[in-house]
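The working numbering puts the first residue of the sequence shown at 15, with every later residue one more than the last. One structure below.
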Amino acid sequence: MAEQTGETRAQLSARLNWLRAAVLGANDGVVSTAGIVTGVAGAAGSRTALLAAGVAGLLAGAMSMAAGEYVSVSTQRDTERAALAKERRELADDPEGELDELTDYYRDSGLTDGLAREVATALTERDALLAHAQTELGIDPEALTNPWEAALASAAAFTLGALVPLLAVLLPPESARLWVTVVAVVAALVLSGWASARLGGAGPARAVARNVVGGLLAMAVTYSGGVLLDHLRS
Numbered sequence: 015m016a017e018q019t020g021e022t023r024a025q026l027s028a029r030l031n032w033l034r035a036a037v038l039g040a041n042d043g044v045v046s047t048a049g050i051v052t053g054v055a056g057a058a059g060s061r062t063a064l065l066a067a068g069v070a071g072l073l074a075g076a077m078s079m080a081a082g083e084y085v086s087v088s089t090q091r092d093t094e095r096a097a098l099a100k101e102r103r104e105l106a107d108d109p110e111g112e113l114d115e116l117t118d119y120y121r122d123s124g125l126t127d128g129l130a131r132e133v134a135t136a137l138t139e140r141d142a143l144l145a146h147a148q149t150e151l152g153i154d155p156e157a158l159t160n161p162w163e164a165a166l167a168s169a170a171a172f173t174l175g176a177l178v179p180l181l182a183v184l185l186p187p188e189s190a191r192l193w194v195t196v197v198a199v200v201a202a203l204v205l206s207g208w209a210s211a212r213l214g215g216a217g218p219a220r221a222v223a224r225n226v227v228g229g230l231l232a233m234a235v236t237y238s239g240g241v242l243l244d245h246l247r248s
């Protein structure tokens, strides 16, 4: 039962981390690409210029997110492997001490001395490394983080987010492209803010407000910069 609980907790934590990374990646895609295309729109850019700038921003951002996530998760994986190697050495050098340590963990969790010893002994006999990795480190040795999966997921999330402002600025007629983009971006930011708040167990109002204000500020700054450049050019 204790082992099953540990696996469930580890799996739940991993899923939540993946979901948070996906939400953040999509949010970054929305805001950064919206900033790029509104800046070009402010400079009276043509549809071709908007497409070129938007696609370049999408590709650059997706690759940047993938590379950053790969490096981050690779570091995490290396840390997990080092912690597991240390645990293996401790189990080989001092098995009785490690059994006492596991017993103390279950005793501190509320079990009686006898039951804590019984559980620790049973789990050690079944898989000592797994028992210690889950209780002490919160790691499942058979399910270490995969940097390639993280990189691809991050790039995909960024791309999906970036497509919102890119399509919104390209599809409508020129007279409506700015307002359609703003509405589409605000809707996407409301959704990502709500999702991030739900995943974190917090109220959505503040997260949504932060997302929307940040996105609107980014678009306002880049659009103003584009308008200024257009005036200077003319």
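Beta carbons: idealized from backbone N, C-alpha and C, even for Gly.
Within the model, the alpha-carbon separation for R61 versus L184 is close to 6 Å. Assigned with DSSP and collapsed to three states, T47 falls in helix. Judged by DSSP in its simplified three-state form, E83 adopts helix.
When DSSP states are grouped into helix, strand and coil, S168 belongs to the helix group. In terms of Cα proximity to A74, the closest of A232, T195 and F172 is F172. Between Y120 and A130, the C-beta gap is smaller than 8 Å, which places the two residues in contact. Cβ-Cβ distances below 8 Å link R34 to S210, L213 and G214 in the same chain, with the five nearest sequence neighbours on each side left out; the list follows chain order. Burial state of D114 is exposed, judged by a 10 Å Cβ sphere holding fewer than 16 other Cβ atoms.
Contact between the stretch 85-104 and the stretch 150-167 is established, with three or more Cβ pairs separated by less than 8 Å. Shown here for A232: same chain residues with a beta carbon closer than 6 Å to its own, the five before and five after excluded, namely V45 and G49 in chain order.
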